[in-house]
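One structure is given here, and the rest of the page talks about it.
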Amino acid sequence: MNRGNVKKCLYFGTVALFLCGVGDWLLGYVPLGGEPIVFGFLNSNIVKVPSWFYLTSMALGILSGFGCMAYSPVMVNILGDIGANRHPKMYKVFRFGCISAPMMFVSFHTACCLAALFMQTAIKAGIDAESVDRAFLIPGAAALVPFLIWCFIVDIPITIAFMYFVWKGTMKLPKVAVFMSPLGFSFLTKIIYAVLIAIGLEQYAFLAGCGESWGHALMCLAFWKSYRTYRDEK
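For the sequence shown, counting from 1, position 99 maps to 121 in our numbering; every step adds exactly one.
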């Protein structure tokens with residue numbers, strides 16, 4: 023692989039997934055209070071959120087799909103070059119997750135943004151929050167749960183395989199790099215979320231919603247570091 027192309031793909035992926043995390047903030051921001059909607063994930067104060075938050079978030083989610091398309095094959099090739107295919111099961115697990123990632127980001131993020139826009143529009147039209155909750159609860163769950171499952175089908179294999187290669191020393195990264203993965207970094211942001219709630223700063227808790235996206239972004243940087251180390255030693 024050409025070093026310049028590898029760098030471009032991984033850096034583009036880093037930027038795209040970092041911006042997707044910003045999109046997660048825009049999607050997750052809802053002023054406190056209000057009547058709960060859809061298991062309390064949203065509330066009636068969604069009407070106070072500018073609609074461009076969701077439109078921008080959707081655009082950033084689509085951009086993240088292109089970022090995944092750029093870095094996924096590069097990551098798989100890097101693993102092959104550094105000898106990770108000597109562990110064929112984990113190599114195939116990681117490759118499966120990477121191949122599935124681009125459409126997962128686009129579809130899940132878009133579905134969430136559209137659902138939020140629809141509920142916001144319904145409340146702005148004068149429909150009370152209780153009626154919106156009843157109307158959207160089952161259809162919303164039916165539409166979003168499959169995408170959520172797909173999200174875990176992608177992130178769990180990628181995270182497990184990445185952690186395995188880091189821990190085994192295949193990628194020649196420090197052990198702490200296991201957190202530079204989708205669910206690894208998401209675990210850290212969940213701790214931050216719990217701390218913000220515990221100390222009474224729940225209005226900022228939505229800022230911890232970028233864990234998965236930023237985990238993918240950090241993984242791009244981890245692969246670039248691993249690739250550089252491998253090339254320098256050749």
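Beta carbons: idealized from backbone N, C-alpha and C, even for Gly. Only a predicted model underlies this, so the values are computations on that prediction, with no experimental measurement involved.
Please state whether the Cβ-Cβ distance between residue i and residue j is less than 9 angstroms.
{"i": "Gly56", "j": "Phe228", "result": "no"}
{"i": "Ala165", "j": "Ala137", "result": "yes"}
{"i": "Trp189", "j": "Lys29", "result": "no"}
{"i": "Leu77", "j": "Val44", "result": "no"}
{"i": "Ala163", "j": "Val154", "result": "no"}
{"i": "Phe184", "j": "Ala244", "result": "yes"}
{"i": "Cys42", "j": "Ala216", "result": "no"}
{"i": "Cys120", "j": "Pro95", "result": "yes"}
{"i": "Met241", "j": "Met97", "result": "yes"}
{"i": "Phe187", "j": "Phe116", "result": "yes"}
{"i": "Thr211", "j": "Ala230", "result": "yes"}
{"i": "Ala151", "j": "Ser66", "result": "yes"}
{"i": "Thr251", "j": "Lys194", "result": "yes"}
{"i": "Cys31", "j": "Tyr93", "result": "yes"}
Between which two residues does the alpha helix (DSSP H) carrying residue i extend?
{"i": "Cys164", "result": "Correcting the residue identity first, residue 164 is Ala in this sequence and not Cys. Looking at the DSSP string, the run of the alpha helix (DSSP H) that includes Ala164 is Ala151 to Trp189."}
{"i": "Tyr215", "result": "Pro204 to Ala220"}
Under the rule that 16 or more other beta-carbon atoms within 10 Å means buried, what is residue i, buried or exposed?
{"i": "Ala220", "result": "exposed"}
{"i": "Asn24", "result": "exposed"}
{"i": "Thr36", "result": "buried"}
{"i": "Trp75", "result": "According to the sequence provided, residue 75 is Phe. The question's Trp does not apply to it. Label assigned to Phe75: buried."}
{"i": "Ala123", "result": "buried"}
{"i": "Phe127", "result": "buried"}
{"i": "Ile309", "result": "A question about residue 309 goes unanswered here, because the residues of the chain that appear run from 23 up to 256."}
{"i": "Glu255", "result": "exposed"}
{"i": "Glu12", "result": "The shown model of the chain, from 23 to 256, leaves out residue 12, and the question about it has no answer."}
{"i": "Leu54", "result": "exposed"}
{"i": "Leu39", "result": "buried"}
{"i": "Ser208", "result": "buried"}
{"i": "Leu64", "result": "buried"}
{"i": "Tyr249", "result": "buried"}
{"i": "Phe130", "result": "buried"}
Does DSSP put residue i in a helix, in a strand, or in coil?
{"i": "Asn99", "result": "helix"}
{"i": "Ser129", "result": "helix"}
{"i": "Asn27", "result": "helix"}
{"i": "Ser122", "result": "helix"}
{"i": "Cys134", "result": "helix"}
{"i": "Gly233", "result": "helix"}
{"i": "Leu243", "result": "helix"}
{"i": "Thr143", "result": "helix"}
{"i": "Lys197", "result": "helix"}
{"i": "Thr192", "result": "coil"}
Is there a Cβ from chain C that is less than 9 angstroms from the Cβ of residue i?
{"i": "Gly237", "result": "Of the chains in the structure shown, none is chain C; there is only one protein chain."}
Jot down the residue ranges of each uninterrupted beta strand (DSSP E) in the region 32-117, minimum 3 residues, whole runs only, in chain order. Within the region 32-117, no complete beta strand (DSSP E) run reaches 3 residues.
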